[in-house]
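*Asks:* Residue numbers (the working numbering): 698 to 926. Once you've had a glance at the structure underneath, I'll fire off some questions.
In structure tokens:
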């Protein structure tokens, strides 16, 4: 039992705190919030700029999600205890410091762009402001000509925070999968109602061929596999 385990542990206080933390979590799962139990014992020390709370939510608390909110936050989840950022501040990419939004960097193609810095896409110059790229004018249409018809180009730098880019493009291979995207990826995508045929084009979902292994088979094709047809 937990008393025996705690008393026989080389680090009995750590074992006790771990056991109490587990009990508190179980109570929370049953809508019974226990706070203050770390006072005087099991106290937790947080890095500079962070604070301790018994009911933190990890959702959308980092600089990255200023521009791209975490879709996992739409799922239900219990608050957790631990160290986190005070309200109005966000974790930096290294997850070791909380800063105001104006000091948050931006992210583009998995690169970190410092706050107040600018990048040139080849068509327009965008500046990183409060973790989000600000780009003058509307330029998606001019880039869209690079995509094969009927695809169009999504430029994540100038898109709204909830826009989904090419990272979630449905295809005949992935039509039944749900996409949880952490970062919008610029690129060509099919219009609503169409999916990628995995060969550079777009087709209605009900016209997708069957997929077996790495090969595609059109409707009506008969395939023999060992003793099965």
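Glycine included, C-beta positions come from ideal geometry on N, C-alpha and C.
Over the uninterrupted alpha helix (DSSP H) stretch that includes residue 717, give me the two end residues.
*Replies:* Per DSSP, residue 717 belongs to the alpha helix (DSSP H) from 709–726.
*Asks:* What are the start and end residues of the beta strand (DSSP E) that includes residue 731?
*Replies:* Segment: none, residue 731 is in no beta strand (DSSP E) and carries neither H nor E.
*Asks:* Distance, Cα to Cα, residue 865 vs residue 827?
*Replies:* Near 25 Å, if we compare the C-alpha coordinates of residue 827 and residue 865.
*Asks:* What does the alpha-carbon distance come out to for the pair residue 719 and residue 799?
*Replies:* Roughly 37 Å between the two C-alpha positions.
*Asks:* So, using beta-carbon positions, are residue 786 and residue 778 closer together than 8 Å?
*Replies:* No; because the gap between Cβ atoms is not below 8 Å, this pair is not in contact.
*Asks:* DSSP on residue 824, reduced to helix/strand/coil?
*Replies:* Residue state, collapsed to three classes: strand.
*Asks:* Taking DSSP as the reference, what is the three-state secondary structure of residue 786?
*Replies:* Strand, per DSSP.
*Asks:* Figure out for me which residue from 893, 863, 867 and 900 has the closest Cα to the Cα of residue 883.
*Replies:* Ranking the options by Cα distance to residue 883, first place goes to 863.
*Asks:* Give me the Cα-Cα distance between residue 763 and residue 918, rounded to the nearest whole angstrom.
*Replies:* In a straight line, the C-alpha of residue 763 is about 48 Å away from that of residue 918.
*Asks:* Quick one: using the 10 Å Cβ neighbour count with 16 as the cut-off for buried, is residue 872 buried or exposed?
*Replies:* By the 10 Å Cβ count, residue 872 comes out exposed.
*Asks:* Starting from residue 851, follow its DSSP beta bridges and name the residues at the other end.
*Replies:* Paired residue(s): 884.
*Asks:* Please state the DSSP three-state secondary structure of residue 706.
*Replies:* In the structure shown, residue 706 sits in coil (DSSP, three-state: anything other than H, G, I, E or B).
*Asks:* For residue 907, is the classification buried or exposed, using 16 other Cβ atoms within 10 angstroms of its Cβ as the cut-off for buried?
*Replies:* With fewer than 16 Cβ atoms within 10 Å of its Cβ, residue 907 is classed as exposed.
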